[in-house]
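Undergrad:
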Amino acid sequence: MKPSIIKLHAKDTEGIDWKKVLSSYLKKNYGPQQWSYFFDEALAKELNHLRTNANSELAPESLLEQNLKYYCFIEQLDMRLGNRSTQLKLNFTWYDVDYSTNTKVDTKYTQHTLTFEKSCIIFNIGTLFTQVAEETLVDDYKKSITAMTKAIACFTYLAENFFNSPSIDLHAENTQFLANLCHAQAQELFLLKLINNPSTTEKQSSLISKLAITTYELYDQCSTFLKKPEGGIIVYGEPRWNTNLSCKAYLYRSIAAHYYSISLEQQNKFGEAIAFSKYAHTSLISALPFKAWLKDYIDFNGLKETIELKTQQLIKDNDYIYHDSIPQGALLETIKAMDAIRPIKWNELVDPYMQSVSEKCNILYKGIVPMKVYEKESIYSEQKASLLRREVEANDTSNLEFDSFIEYTKLPVLLTDLEKRYKSGRLNNKENPQLEFMRDQLRLFSKNVQSSVYSDIQEQTKLITTKRKEIVDTLSQLPESQKENTVKIKSSLLEASKSDEKLLSLVKPYLTELSLLMDNNTLWSQFNQYDDPASSEPSLLDIDDTKTEKILQELNGVKLLYVNLTNLKQERNAILLELKEAINNDDITSKLINLKNAADTEIQELFNKELEKFEPLSSRLEAAIYKQVSLINEIKIDLDKIFTMSGFREKNMEETKREKERKHFFDNLEKAATNFSIFASDIQKGLYFYDRLLSMSKELLESSKTNANNSIFSNNNNLPSPVPPTLPEQPSKLKNKPTINSYVGNSLDSLMNNLDNQFGNLNINSSVPNPNMTNAGLPPKPPKKIDSITGVNNYYTVQSAPEVPARTYHHNVPSIPLPPSSEKNISLLDSSTTFTRSFVDEPPAYSNHRNAPQVPLRQPVSEHSNILDNNAPYEDEERELQRNPTAFYNKSPVFDENMYFKYGK
């Protein structure tokens with residue numbers, strides 16, 4: 001059997017000049033001066049070419065591509081104009097297809113709306129899909145079925161969405177008939193693919209009968225429409241269509257009965273098989289009078305002989321062997337229909353093309369939508385954004401509450417631990433998880449204190465005192481000429497002393513506790529003294545096994561609540577994501593276009609109505625947030641109930657007193673460990689700072705002695721000037737350094753440049769402003785750019801040295817290398833509190849850095865310095881020192897001129 005497809009023809013039309021139409025519309029709306037801004041001539045020409053090509057004599061597949069693109073352009077225009085498409089003042093003229101003598105030749109219809117143009121284009125797209133299906137039959141049935149399925153989508157969309165069209169082709173009844181016809185032909189193609197495969201025909205007889213009965217019903221529906229038109233509708237199509245459809249209806253009814261008879265024979269129901277075989281023969285005889293146009297595709301005589309032979313064989317076997325009773329007639333209703341075709345939706349068909357032309361349409365039609373519509377849409381978008389922000393904030397707050405609750409209670413670990421303890425029988429009324437927690441924390445505290453190199457507070461205090469004394473002794477040996485620099489270093493020493501006092505004040509009140517943490521035996525001896533003496537003696541009365549099972553049940557209930565709480569969090573996030581997608585995908589442009597001239601109150605009513613569609617999601621999110629609060633409270637109540645059942649709260653007054661004393665003892669040790677962690681992390685900065693001050697003092701003393709010798713050399717022309725040792729070169733600084741007083745000589749210039757580079761190592765980022773800083777907090781632009789190099793610890797930053805007076809010495813020492821960067825975290829882990837102090841690029845321990853830092857000499861105070869402005873930052877500095885005792889080491893008082901301007905003149 002070969003398939004035969006009824007070929008449909010496309011509608012013809014008269015030409016349209018879209019370029020002229022769009023330009024005229026824009027001129028009318030925007031005037032002769034502005035219209036060209038909204039007009040794209042190239043795209044208008046492309047639209048003209050699309051319409052021309054869509055109605056040309058190209059191959060069906062090429063015509064399909066052109067028609068689909070052109071339809072999407074028209075659809076985009078219709079979305080912008082809506083009911084105002086008549087403003088284009090354009091006549092769309094289309095001719096009806098000449099199928100029968102009942103339709104006048106060259107019957108044409110003209111309308112001014114885009115709806116008429118769109119419906120005609122969709123009609124042509126449907127007919128082109130049927131032509132593509134006919135052309136691909138030779139190569140692949142599957143491609144033909146796919147094309148016919150798309151044709152069904154076109155005609156079904158026309159029948160459901162376009163009414164009262166003047167064109168007979170576009171009558172809803174006719175387009176529905178064409179959709180049913182394409183459906184029947186697609187089902188026929190699927191059926192013939194099985195029938196024409198002899199190897200599987202007998203095995204799939206039941207399936208073939210189900211497909212054939214559906215094919216019969218579809219063809220019978222189409223044949224009935226052409227025979228008995230309702231409401232005076234003109235019979236549609238060619239005269240032979242009715243003949244072919246009637247023939248196929250009888251044919252596929254016969255095929256359905258024949259193959260159902262074969263399936264009954266396979267089930268040993270020979271009587272019923274004979275009845276259906278006779279019915280198949282009768283139906284085929286009824287099809288023979290209508291076979292004139294189909295005899296080249298279907299072998300009616302061969303099918304008739306096959307059915308007759310099958311009938312004779314069944315009768316013979318039944319008479320001689322089975323003797324099964326034969327029903328009076330066959331009932332087709334016993335055959336279950338099966339539709340193999342799943343038509344797609346029209347929107348699914350055109351969506352890819354809509355997306356491909358959307359960008360061009362936005363350019364071509366940008367002047368079609370008034371700006372007021374965009375402004376109103378922006379207001380609506382802001383209201384949607386406000387709604388979304390509120391929901392996001394509520395969800396974030398709920399997430400924070402969830403995380404805080406889990407972090408505070410450590411619920412997963414707590415549940416696992418309690419369940420393990422009760423199942424193993426290691427937990428009775430005298431055991432207390434809080435007590436175990438304290439023991440774990442004390443072990444951690446003692447380990448941290450004992451492992452620190454700064455655990456001996458007295459030793460560190462003596463070391464600091466020794467360093468201060470050595471610095472003072474060195475400064476006392478400096479000559480009178482170094483008085484100003486001596487004052488600078490002593491001032492820094494004074495500030496460092498104050499900072500050390502505040503740092504030591506953290507640990508001095510807790511020396512007893514720290515000594516306990518250093519001695520494990522004494523620590524645990526004192527901690528255990530708060531235990532009940534009788535608790536070490538097991539008591540059968542304390543062990544209540546009857547509660548264990550009930551407690552485990554309560555724990556299972558809490559575990560279930562925790563799972564529900566976690567799922568609820570995921571659900572909240574999913575709802576929020578769904579709300580975001582709904583808001584992002586929401587578009588009311590077409591509605592705003594229809595309300596272009598509406599009052600603000602009407603627009604706001606529209607906004608409120610549109611926002612109501614997000615209320616279900618908002619309500620779900622609100623309910624989830626409320627449910628989370630309820631679950632958290634329920635978990636708290638259940639945990640309290642578990643602890644009560646465990647007997648942890650059944651304590652007398654003496655036990656309560658011991659618990660309070662133990663808690664006070666633990667809190668003191670915890671505070672001591674916390675303060676010690678701060679002290680241990682910050683004391684090394686102070687020790688390192690003292691080492692540098694000492695090195696500076698010694699260097700100044702050595703430089704002073706060298707200056708005296710240098711004066712002798714300068715008075716003796718027979719002796720060469722000594723050359724200072726070369727410092728690590730910093731080209732960006734030395735290259736642009738201004739020359740210092742010429743009477744000192746080139747060697748002194750070199751020395752001062754090197755010292756300036758070294759002095760910068762103590763310049764610390766500080767809240768105290770420099771006298772050279774502007775009111776905006778930015779330094780004035782120097783005569784020549786001097787690059788900055790990051791120094792030690794992020795505390796010290798090498799900057800360009802200020803202009804300094806002439807020095808009387810030229811001997812210097814090599815600069816110390818910058819210590820390698822490191823990052824340390826000192827933390828005390830606690831279930832409720834975590835103390836962490838991080839240092840970025842922290843210097844190593846002071847004992848490893850004994851090299852002397854360099855001291856910058858004082859720069860003269862500018863005559864225009866404002867003393868009041870320079871005094872202002874000191875209050876901020878004092879507040880910072882109160883908050884952070886070691887803040888002093890994070891700046892450079894030895895270099896900052898603001899701290900020493902009062903010693904000037």
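For the sequence shown, position 685 (counting from the first letter as 1) is numbered 685 according to full-length UniProt numbering, and the numbering increases by one without interruption.
Here a beta-carbon is modelled for each residue, glycine too, at the ideal position from N, C-alpha and C.
From a predicted model like this one, the values you see are computed outputs, not experimental measurements.
Based on Cα-Cα distance, which residue from Glu-612, Ile-379 and Gln-87 lies nearest to Ala-582?
TA: Your numbering for residue 582 matches position 582 in the sequence shown. Selected option, being the one with the closest Cα: Glu-612.
Undergrad: Could you tell me how far apart the beta carbons of Lys-28 and Trp-94 are, in whole angstroms, since I believe they sit closer than 8 Å?
TA: Along the sequence shown, read from residue 1 onward, the residue named residue 28 stands at position 28. Along the sequence shown, read from residue 1 onward, the residue named residue 94 stands at position 94. So it is not a contact: roughly 26 Å between Cβ atoms.
Undergrad: Whose C-alpha, out of Met-148, Ala-330, Thr-243 and Lys-291, is nearest the C-alpha of Ile-274?
TA: Here the question's residue 274 lines up with position 274 in the sequence shown. That would be Ala-330, whose Cα lies nearest to the Cα of Ile-274.
Undergrad: When DSSP labels each residue in this structure, what does Gln-628 get in the three-state scheme?
TA: Here residue 628 refers to the residue found at position 628 of the sequence shown. Gln-628: helix per DSSP, three-state reduction.
Undergrad: Residues in the same chain with beta-carbon distance under 6 Å from Glu-14, minus the five sequence neighbours each way, listed in chain order, please.
TA: Counting from 1 along the sequence shown, the entry for residue 14 is found at position 14. Around Glu-14: Thr-93.
Undergrad: Pull up the distance between the alpha-carbon of Gln-684 and that of Ser-499, whole angstroms please.
TA: Along the sequence shown, one-based indexing puts residue 684 at 684. Along the sequence shown, one-based indexing puts residue 499 at 499. Looking at the two C-alpha atoms, the distance is approximately 13 Å.
Undergrad: Which whole-angstrom value is the C-beta distance of Ala-151 and Phe-129, which I expect to be below 8 Å?
TA: Residue numbering aside, residue 151 sits at position 151 when the sequence shown is read from its first letter. Residue numbering aside, residue 129 sits at position 129 when the sequence shown is read from its first letter. Going by Cβ atoms, the distance from Ala-151 to Phe-129 rounds to 4 Å, so yes, they are a contact pair.
Undergrad: Could you please give the first and the last residue of the uninterrupted beta strand (DSSP E) stretch that includes Tyr-95?
TA: Within the sequence shown, numbered from 1, the residue matching residue 95 stands at position 95. Counting along the chain, the beta strand (DSSP E) containing Tyr-95 begins and ends at 92-95.
Undergrad: Run the CB neighbour count on Asn-608, radius 10 Å, all protein chains shown included, and call it buried at 16 or more, exposed below.
TA: Translated into the one-based positions of the sequence shown, residue 608 becomes position 608. Label assigned to Asn-608: exposed.
Undergrad: Tell me, please, which residues DSSP counts as bridged to Thr-522.
TA: Along the sequence shown, one-based indexing puts residue 522 at 522. Paired residues: none, contrary to the question.
Undergrad: Taking its Cβ as the centre, do 16 or more other Cβ atoms sit within 10 Å of Asn-585, making it buried, or is it exposed?
TA: Walking along the sequence shown from the start, residue 585 turns up at place 585. With fewer than 16 Cβ atoms within 10 Å of its Cβ, Asn-585 is classed as exposed.
Undergrad: Where does Tyr-365 fall in DSSP's three states?
TA: Translated into the one-based positions of the sequence shown, residue 365 becomes position 365. Of the three classes helix, strand and coil, the one that applies to Tyr-365 here is coil, per DSSP.
Undergrad: Between which two residues does the beta strand (DSSP E) harbouring Gln-267 extend?
TA: In the sequence shown, the residue the question calls residue 267 occupies position 267. Here Gln-267 belongs to no beta strand (DSSP E), and DSSP marks it neither H nor E.
Undergrad: Are three or more beta carbon pairs between the segment 313-331 and the segment 244-252 nearer than 8 Å?
TA: Flag = no, the segment 313-331 and the segment 244-252 do not touch.
Undergrad: Quick one: residues in its chain with C-beta nearer than 7 Å to the C-beta of Asp-640, no 5 flanking neighbours on either side, listed in chain order?
TA: As a first step, residue 640 must be located in the sequence shown, where it is residue number 640. The same chain holds no residue with a CB closer than 7 Å to that of Asp-640 once the five nearest residues on each side in sequence are set aside.
Undergrad: Would you list the residues sitting across from Lys-108 in a DSSP beta bridge?
TA: Position 108 of the sequence shown, counted from the start, is the residue given in the question as residue 108. Answer is Tyr-95.
Undergrad: Provide the residue span of the alpha helix (DSSP H) that contains Gln-33, from first to last.
TA: Translated into positions along the sequence shown, residue 33 becomes position 33. 18-34 is the extent of the alpha helix (DSSP H) around Gln-33.
Undergrad: In the structure shown, what three-state DSSP assignment does Thr-706 receive?
TA: Counting from 1 along the sequence shown, the entry for residue 706 is found at position 706. In this structure, Thr-706 counts as helix in the three-state DSSP scheme.
Undergrad: Out of Lys-269, Asn-347 and His-258, state which residue places its alpha-carbon closest to the alpha-carbon of Leu-284.
TA: Counted from its first residue, the sequence shown places residue 284 at position 284. When the alpha-carbon of Leu-284 is set against those of Lys-269, Asn-347 and His-258, the nearest one is in His-258.
Undergrad: Out of Phe-300, Glu-202 and Gly-237, which has the shortest C-alpha to C-alpha gap to Gln-267?
TA: Your numbering for residue 267 matches position 267 in the sequence shown. Looking from the CA of Gln-267, the closest CA among Phe-300, Glu-202 and Gly-237 belongs to Glu-202.
Undergrad: Confirm, please, whether the CB-CB distance from Asn-67 to Ile-16 is below 8 Å.
TA: Looking up residue 16 in the sequence shown gives position 16. Looking up residue 67 in the sequence shown gives position 67. Not in contact: Ile-16 and Asn-67 (Cβ atoms no closer than 8 Å).
Undergrad: Go ahead and label Lys-89 buried or exposed: buried means 16 or more other beta carbons lie within 10 angstroms of its beta carbon, across all protein chains shown.
TA: On the sequence shown, residue 89 is found 89 positions in, with the first residue counted as 1. Per the 10 Å Cβ criterion, exposed.
Undergrad: Fully enclosed by the segment 383-448, which alpha helix (DSSP H) runs are 4 residues long or longer?
TA: 411-424
Undergrad: Taking the CB atoms as reference points, tell me whether Ser-704 and Leu-478 lie closer together than 8 Å.
TA: As a working note, residue 704 is residue 704 in the sequence shown. As a working note, residue 478 is residue 478 in the sequence shown. Yes.
Undergrad: Looking at the secondary structure, which residues open and close the alpha helix (DSSP H) in which Lys-304 lies?
TA: Taking the sequence shown and counting its residues from 1, the one referred to as residue 304 is at position 304. Element bounds for Lys-304: 300-317.
Undergrad: Assuming the contact rule is C-beta atoms closer than 8 Å, Ala-186 and Ile-145 should be a hit. Round their C-beta distance to whole Å, please.
TA: Against the sequence shown, residue 186 aligns to sequence position 186. Against the sequence shown, residue 145 aligns to sequence position 145. Beta-carbon to beta-carbon, Ala-186 and Ile-145 are separated by about 5 Å, close enough to satisfy the 8 Å threshold.
Undergrad: When you compare only the Cα positions, how much space is there between Asp-396 and Thr-548?
TA: Stepping through the sequence shown from its first residue, residue 396 is reached at position 396. Stepping through the sequence shown from its first residue, residue 548 is reached at position 548. It is roughly 39 Å from the alpha-carbon of Asp-396 to the alpha-carbon of Thr-548.
Undergrad: Where does Asp-869 fall in DSSP's three states?
TA: Stepping through the sequence shown from its first residue, residue 869 is reached at position 869. With a pLDDT of only 41 at Asp-869, under the threshold of 50, the placement of this residue in the model should not be trusted, and no figure is reported.
Undergrad: Please report the straight-line C-alpha distance between Ser-646 and Tyr-530, rounded to a whole angstrom.
TA: For the purposes of this step, residue 646 is taken as residue 646 along the sequence shown, with counting starting at 1. For the purposes of this step, residue 530 is taken as residue 530 along the sequence shown, with counting starting at 1. Looking at the two C-alpha atoms, the distance is approximately 21 Å.
Undergrad: Would you kindly report the start and end of the unbroken alpha helix (DSSP H) that includes Met-79?
TA: The count along the sequence shown starts at 1 and reaches residue 79 at position 79. Segment 60-81, the alpha helix (DSSP H) holding Met-79.
Undergrad: Go ahead and label Glu-188 buried or exposed: buried means 16 or more other beta carbons lie within 10 angstroms of its beta carbon, across all protein chains shown.
TA: Counted from its first residue, the sequence shown places residue 188 at position 188. So Glu-188 counts as buried.
Undergrad: Among Leu-579, Ala-179, Ala-44 and Ser-677, which one has its Cα closest to the Cα of Arg-342?
TA: On the sequence shown, position 342 is the one that residue 342 refers to. Answer by Cα proximity: Ala-179.
Undergrad: Short check: CB of Thr-199 to CB of Ser-263, under 8 Å?
TA: Position 199 of the sequence shown, counted from the first residue, corresponds to residue 199. Position 263 of the sequence shown, counted from the first residue, corresponds to residue 263. The question names Thr, yet the displayed sequence has Ser at residue 199. In this structure, Ser-263 does not lie closer than 8 Å to Ser-199 by Cβ.
Undergrad: Which residue wins for smallest C-alpha separation from Leu-8, given the options Leu-64, Tyr-99, Ala-337 and Lys-20?
TA: In the sequence shown, counting from the first residue as 1, residue 8 sits at position 8. Among Leu-64, Tyr-99, Ala-337 and Lys-20, the Cα nearest to that of Leu-8 belongs to Tyr-99.
Undergrad: Do three or more CB pairs link the segment 104-118 to the segment 382-394 at distances below 8 Å?
TA: The segment 104-118 is not in contact with the segment 382-394.
Undergrad: Is it buried or exposed, Ala-292, if we count other Cβ atoms within 10 angstroms and call 16 or more buried?
TA: To locate residue 292, count along the sequence shown from 1; it is residue 292. Its Cβ having fewer than 16 others within 10 Å, Ala-292 is exposed.
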